[in-house]
Amino acid sequence: MKFSERHQPASTLSGAILLSHPTLTDPNFNKTIVFLSAHSEDQGTLGVILNRPLGQKLADLDSSFDGKPFGETPVYEGGPVEKEKLIIAAWEWMESPNSFKLYFGIDMQKAEQLRVDNPNVRVACFVGHSGWSPGQLESELKENAWVVSKLDKELFARLEDKQIVWKNVLGSVSDELRFLADAPEDPELN
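Residue numbering for the sequence shown follows my numbering, starting at 2 and increasing by one per position.
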């Protein structure tokens, strides 16, 4: 499998992020940053959109969390698949800005224990997820629909900024992508 220079995936993309290319017009993924929690060419890919906060907290979706420690946990749109399901994930950052432990698809008891062990663990909830069948993501990468990058601590801290974060991260990859990301959505406004 050969990828353009911009896409040099390792044997697995688990733990990487996908930045939607500015020309990707699919409304499910327009201007998104997708964290890949699992990737394998023969099993497919699973991830969640990181930069689509719903503006709701966990207690807004489930009143049983009202007044509890995780009631204030932000909820994001994880993707167009299984939108009726809630995925809980936790990130524990290590010394390096690109090094973290991921706990994906955990229950609240595990999230609480992680937080007790390390108060700096960040917990987020996702409604739905993003998924690709075996070979589908690789095909989309060949078509330059996505730019592969690394998740870092600084990016993760700014996810509430939505499209600003997407534009900044994409623009840091290359001057060409910065130019495309800055283009107005309606070319007549240029």
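Glycine included, every Cβ here is placed at the ideal spot set by N, Cα and C. Please read all numbers here as calculations on a predicted model, not as lab measurements.
Distance, residue j Cα to residue i Cα
i: D43; j: T74; result: 34 Å
i: N119; j: Q110; result: 14 Å
i: K86; j: S131; result: 12 Å
i: A146; j: S173; result: 17 Å
i: W133; j: L19; result: 13 Å
i: L115; j: V122; result: 7 Å
i: N99; j: K151; result: 7 Å
i: F30; j: K154; result: 22 Å
i: D27; j: D108; result: 31 Å
i: I34; j: E139; result: 17 Å
i: S65; j: G72; result: 8 Å
Spatial neighbours of residue i in its chain, beta-carbon cut-off 8 Å, leaving aside the 5 residues before and after
i: D176; result: none
Residue i, enclosing alpha helix (DSSP H) - first and last residue
i: F180; result: 176-183
i: L142; result: 137-143
Three-state secondary structure (DSSP) of residue i
i: V170; result: helix
i: K111; result: helix
i: H8; result: Model confidence at H8 stands at a pLDDT of 44, short of 50, so the residue's coordinates are unreliable; what they give is reported in the following sentence. Note: H8 maps to coil in three-state DSSP.
i: G106; result: coil
i: S131; result: strand
i: V117; result: helix
i: P81; result: coil
i: F101; result: strand
i: S21; result: strand
i: F36; result: strand
i: L51; result: coil
i: M2; result: The pLDDT assigned to M2 is 32, lower than 50, so where the model puts this residue is not dependable; a value taken from the coordinates is nonetheless given after this. M2: coil per DSSP, three-state reduction.
i: S64; result: helix
i: E96; result: coil
i: K86; result: strand
i: G45; result: strand
i: P70; result: helix
i: E186; result: coil
Sequence-distant residues of its chain with Cβ nearer than 6 Å to residue i (five each side left out)
i: A90; result: F105, A125
i: Q57; result: V76
i: P23; result: L181, A182
i: W94; result: F101, K154
i: A17; result: L37, V149
i: K25; result: It is worth fixing the name first, because residue 25 is Leu in this sequence and not Lys. Contacts found: A146.
i: T13; result: H40
i: E168; result: Here residue 168 is Lys; the residue named in the question, Glu, does not match the sequence. The answer, listed in chain order, is A182.
Bounding residues of the beta strand (DSSP E) (the contiguous stretch that carries residue i)
i: K58; result: 54-58
i: K151; result: 147-151
heavy atom of the ligand ZN below 7 Å from residue i C-beta
i: K168; result: What this structure holds is no ligand at all, so the ligand ZN is not there to describe.
Proximal residues to residue i (C-beta, below 7 Å), its chain only, five neighbours per side dropped
i: S15; result: L37, S38, A39, H40
i: K84; result: V128, G129
i: E141; result: W147
i: V82; result: G129, H130, S131, G132
Rounded Cβ spacing between residue i and residue j (contact assumed at less than 8 Å)
i: V166; j: L156; result: 7 Å
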